[in-house]
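Novice: With the working numbering as the guide, the letters of the sequence shown map in order to residues 32 to 360. Don't be surprised by glycine CBs; every beta carbon is placed ideally from N, CA and C. Structure provided below as structure tokens; questions to follow.
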Amino acid sequence: MKIKELPKEKLGFFPTPIVELKRLTKFLDGPRIFMKRDDLTGLALGGNKTRKLEYLIAEAISQNCDTVITGGAEQSNHCRQTAAAAAACGLKCHLVLGGYEPENYRGNFLLDYLLGAEIHWTGEFRKGEKIPEITEKLIQQGHKPYVIPYGGSNSIGASAFVYAMKELKQQQYQFNEKFDYIIFASSSGGTHAGLLIGKEAFEIETELIGIGIDKEETEGEPLEIRISKLTNQTADMLQAKINIDPSKIIIKHEYEGGGYGVVGNLETEAIKLTAQYEGIILDPVYTGRAMGGLVDMVRKKIIEPNKNILFWHTGGIPSAFSYSKVLAK
Ligand SMILES: Cc1ncc(COP(=O)(O)O)c(C=O)c1O
């Protein structure tokens, strides 16, 4: 299917490689596991948000904005990558972060600081709730801000993952493999929405399984509803006649444990297994939890041994350096 190509600013290295995790597969005595390495997108230590930012920043530039503003948690990967994208394009970056200024600058937040972002601390609000208020102030001060929503999850951000499925389709030919399942961390929903549209647009036979990361709803809406709306908006924007049936939006909420950023045995075991069998680092908040879900589904044979899995490594590694107390046990 032909879909509209949006303008983009080159910020990362694509296509990201796909590797087979043979030793982890052998250890689990289960299905073959492959990994799409979006942790290697390159922009200030990589991650899935590089894809979204290529399109979001292009729009900011086309609107002659001088500033970008976004928000998230103190250890937000999205915010760190936005700060890097802004720096690379000569834009000022304002980050609206949940929590309070920490005594020690660590992980993603240390990088935000080094990348020159201006920080606004917002206590209990960690999903960019105060962005409109701060944007208003920036306008009054004479700036021209471009607002990137929480997680970069609007139709422009999600489109990046539609194109990512085109990239995957081309790699599938090289691999000569079909991936029965694609497993990934789903949080603000842009990645998930884009993958769903891309799967239809490029006729990829697979089942998408998002692993829920955050127990709390955003703007009072369950994630499934947000993703459903976002798929419609994204398909419209790309002029693609695609309608995603809400039953196709699969999110496993049973791995959410103690909630966003609370790291337990599921995540630590998955991080250690992937590190010690494959030499690949996962992060504690997103990819560690998603891999924990994968391992559990394989052990319980919810995913049968004769299937192939593609685990989409969405990055997030810098936050590991702010979780040393939990991980180094
Ligand atoms: C490392 C990592 N993986 C996955 C996600 C989830 O992506 P999305 O917000 O598009 O659902 C995020 C979002 O912040 C992330 O930082």
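1. Helix, strand or coil for G182? Go by DSSP, reduced to three states.
2. Could you spell out the range, first to last residue, of the alpha helix (DSSP H) harbouring Y308?
3. Run the proximity test for A119: is its beta-carbon closer than 6 Å to any non-hydrogen atom belonging to ligand 1?
4. Just to check my reading of the structure: M322 and T305 have Cβ atoms closer than 8 Å, yes? What is that Cβ distance to the nearest angstrom?
5. In the structure shown, what three-state DSSP assignment does N139 receive?
6. Leaving out the 5 sequence neighbours to the left and right, which residues in its chain are closer than 6 Å to Y291 when beta-carbon positions are compared?
7. Of all the options H125, A75, L313, which has the alpha carbon lying nearest to the alpha carbon of D97?
8. Please list, in chain order, all residues of the same chain as A266 whose beta carbon is under 8 Å from its beta carbon, the five residues on each side excluded.
9. State yes or no: is the C-beta of N108 within less than 7 Å of the C-beta of D211?
10. Between E287 and G173, what straight-line distance do the alpha-carbon atoms span, to the nearest angstrom?
11. Do you know offhand how far I179's Cα is from L199's?
12. If you measure between the beta carbons of L341 and I213, is that distance less than 7 Å?
13. To the nearest angstrom, how far is it from the Cα of R257 to the Cα of V99?
14. K123 by DSSP, collapsed to three states: which one?
15. Exposed or buried, D60, counting other C-beta atoms within 10 Å across all chains shown (16 or more means buried)?
16. So S218 packs on G182, CB below 8 Å; how close in whole Å?
17. Could you tell me whether the Cβ of N274 comes closer than 7 Å to any Cβ of chain C?
Specialist: Taking the definition as stated:
1. helix
2. 296-309
3. no
4. 6 Å
5. helix
6. D245
7. Out of H125, A75, L313, the CA that lies nearest to the CA of D97 is found in H125.
8. I228, K272, I273, N274, I275
9. Contact: no.
10. 42 Å
11. 26 Å
12. yes
13. A straight line joining the alpha-carbon of R257 with that of V99 spans about 23 Å.
14. strand
15. exposed
16. Right, the Cβ-Cβ distance comes to about 6 Å (below 8 Å), so this counts as a contact.
17. No chain C appears in the structure shown, which is made up of a single protein chain.
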